[in-house]
Amino acid sequence: MALRCLLLRPSCHLSAAARVAAVGAGGDRPVARHFSVSARRDGVAEVLQSVASSRPVLAVQEGIVSLHDVSGLPWWATVLVTTVAARGLVTLPLGLYQSYILAKFENLRPEMDAVVVEIKKEMSVAVRKYQWDQKRAKRVFNKAVKKQMSELIAQHNCHPLKAGLVLWFQFPFWIGLSMALRNLSWALPARDAAAQLVRLQLAVGGVLWFPNLAMPDPTLALPVLFAVCNLCAIEVGVLSRVQPGTRLQRWMTNLARGVTVIVVPVAAQLPSAVVFYWTISSFCGLLSNLALMSPSLRRAAGVPLSPSQQQHPYRQLYENTLRRIGRR
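Here the sequence shown stands for residues -17 to -1, 1 to 311, where the numbers follow mature numbering (1 follows the signal peptide of the UniProt record, and there is no 0).
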């Protein structure tokens, strides 16, 4: 498989010296382009190998093996418990914190609007008094608004960047656990007796239609199920919006849909352990999105009320889904 060759055997490509010699011998554009593509491919392989053998990934790898050995769970259950624990104990609380920050920021809108109105009045006086042209007035106005907004946000401790904690944690963790499971499935990076033993355990540690976690799912059901769970999580986010999405939001949503579909053939080449983790993680993400809509959970977590919060979010989600289906 091309992906496995790329990730595991960078030596299957031409060496740098051989490629340079080929370019010197041929001298035509196609060979030069091949050199460029091969160089980029080798660069990607080196980055992936560096990440896969990094200390954080190896620490996660050792943690998964320790959990399996101590708990006595089969490997499929070990992956399941690890994923659910990470989602439930870390990602969900971070999601509630994200909702808390965004609700506080949204509740600042009336105060921000009042500040803008006041600055406009002051600017009108300053323009007449100092004879500012439109360009200078606009520059001073934008600077004053930015300063006042920053002070308000700092005062209420609700900077929107704090809402990105979920992504900042979730993406590195997703990469680390994916690489750790990939290493275990392919007996990497040491390829010693212990690594081979874990690989053999994974080969018989699956469940249902994927008994071999060290090999790709031959039925392709896992990659498709992963895509379905991920797309459902995306659609829940779209259908739960109170207002129509902005142009940027629509673009990001379509990008997420496209990436999900593109990843399916990649997932079809990866060990079932990795894709099983992706599927469970996406399903937990779907449940997390639904849970974060709950007014009871939000109140229990101290998330303040905001104009965009719905009193009956699940009913609204159901009605929006019916309208979406009806349009088709």
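Positions of the beta carbon are idealized from the N, C-alpha and C atoms, including for glycine.
This structure is a prediction, so every number in the text was calculated from the model and none was measured.
- Here the region 176 to 183 does not lie against the region 232 to 243, with fewer than 3 beta-carbon pairs under 8 angstroms apart.
- About 30 angstroms separates the beta carbon of S168 from that of L148, a gap too long to meet the 8 angstroms contact definition.
- Sequence-distant Cβ neighbours of A127 in its own chain, meaning closer than 7 angstroms and more than five residues away, are I102.
- Check the Cα spacing between E45 and each of P296, L222, T74 and L160: the tightest is with L160.
- No beta strand (DSSP E) of 3 residues or more sits fully in the region 99 to 169.
- Shown here for G220: same chain residues with a beta carbon closer than 7 angstroms to its own, the five before and five after excluded, namely N272 in chain order.
- Residue environment: Y260 is assigned as buried (16 or more neighbouring CB atoms within 10 Å of its CB, all protein chains considered).
- Take T262, set aside five residues on each side of it, and the residues of its chain with a beta-carbon closer than 8 angstroms to its own are L205, L208, F209 and C212, in chain order.
- Bounds of any alpha helix (DSSP H) do not take in P201, whose DSSP letter is neither H nor E.
- In terms of CA proximity to L203, V258 leads the group P155, C215, V258 and F152.
- Each of N90, M95, W59 and V123 was checked against the Cα of E105, and the nearest Cα belongs to V123.
- Collapsing the DSSP output to three states places V187 in coil.
- Between G78 and the set L41, L305 and G268, the nearest pair of CA atoms involves G268.
- Rounded to whole angstroms, H142 and I136 show a C-alpha spacing of 6 angstroms.
- When R111, S264 and G55 are compared, the shortest CA-CA separation from R70 is found for S264.
- Rounded to the nearest whole angstrom, the C-alpha separation of V67 and L270 is 11 angstroms.
- Rounded to the nearest whole angstrom, the C-alpha separation of P172 and L183 is 15 angstroms.
- Straight through space, the alpha carbons of F193 and V30 are spaced by roughly 30 angstroms.
- Taking all protein chains shown into account, H51 has 16 or more neighbouring C-beta atoms within 10 Å of its C-beta and is therefore buried.
- About 29 angstroms separates the CB atoms of T74 and Q138; that is not less than 8 angstroms, and the two are not in contact.
- Contact annotation, A146 with L91: C-beta distance approximately 13 angstroms; criterion of less than 8 angstroms not satisfied.
- The alpha-carbon separation between A284 and V62 amounts to approximately 28 angstroms.
- Annotation: V247 to L253 spans about 10 angstroms, alpha carbon to alpha carbon.
- For A251, no alpha helix (DSSP H) segment is defined, and its DSSP state is neither H nor E.
- Apart from sequence neighbours up to five positions away, the residues of its chain that approach N195 with a beta-carbon distance below 6 angstroms are A186 and G189, ordered along the chain.
- By the neighbour-count criterion, in which 16 or more other beta carbons inside 10 Å mark a residue as buried, R119 falls on the exposed side.
- S54: member of the alpha helix (DSSP H) spanning R38 to S54, first to last residue.
- Under DSSP, F209 shares a beta bridge with no residue.
- Between L222 and S82, the gap from beta carbon to beta carbon reaches 7 angstroms or more.
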